[in-house]
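Have a look at the structure below, then the notes.
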Amino acid sequence: MAAIRVRVTGRVQGVGFRYGTADRARALGLTGSAVNRPDGSVDVEAYGDEPAVQRLLDWLRGPGAPGRVRQVEVTRLDDAAAPRTFSIG
Numbered sequence: 001m002a003a004i005r006v007r008v009t010g011r012v013q014g015v016g017f018r019y020g021t022a023d024r025a026r027a028l029g030l031t032g033s034a035v036n037r038p039d040g041s042v043d044v045e046a047y048g049d050e051p052a053v054q055r056l057l058d059w060l061r062g063p064g065a066p067g068r069v070r071q072v073e074v075t076r077l078d079d080a081a082a083p084r085t086f087s088i089g
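This is the structure in structure tokens:
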């Protein structure tokens, strides 16, 4: 299983970014979360098969993501316990 934490910066709050990310992640069979940060960024955690996680990353970096993504910083998580659902915080 792949597990990642992603910090997404740009115009990503107030534009449906977390909801769009959750919809895409769920469609890919991923679990995790999308949470607004006080600095205006969004943290995304995703857990699941490597190909599905990569497709989510490609979507986050591509033109289909809501808002205007400036930067996507990815951190791989080791031995992380996967949540059962994808939540929005």
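Going by UniProt numbering, 42 is the number at position 42 of the sequence shown; the sequence numbering is gapless.
No residue lacks a Cβ here, since even glycine has one placed at the ideal position from N, Cα and C.
CB-CB length for residue i against residue j, believed under 8 Å
i   : j   : result
D43 : R5  : 7 Å
L30 : G48 : 4 Å
A80 : A3  : 4 Å
Cut-off 8 Å between Cβ atoms - residues of its own chain near residue i, not counting five sequence neighbours on either side
i   : result
L60 : V6, V8, T21, V44, V69, V72
D58 : none
G62 : none
Close beta carbons around residue i, own chain, < 6 Å, minus the five adjacent residues each side
i   : result
P66 : V15, G16, F17, G20
A82 : T31, Y47
I88 : R18, A22, A34
E50 : A2
D39 : none
Residues near residue i by beta carbon distance below 7 Å, same chain, minus five either side
i   : result
F86 : A22, A25, R26, L30, T31, G32, S33
S41 : R7, V8, T9, V12
R37 : D43
Neighbour flag for residue i against chain D, beta carbons, 8 Å
i   : result
F17 : Included in the structure is just one protein chain, with no chain D present.
Nearest candidate by alpha-carbon position, reference residue i, set the options
i   : options       : result
L28 : Q54, G62, G40 : Q54
**Message:** Count Cβ pairs between the stretch 72-79 and the stretch 13-23 that sit closer than 8 Å; are there 3 or more?
**Reply:** No, they do not touch.
**Request:** Go through the stretch 19-86 residue by residue and report every complete run of the alpha helix (DSSP H) that reaches 4 residues or more, in order.
**Result:** Runs found: 50-61.
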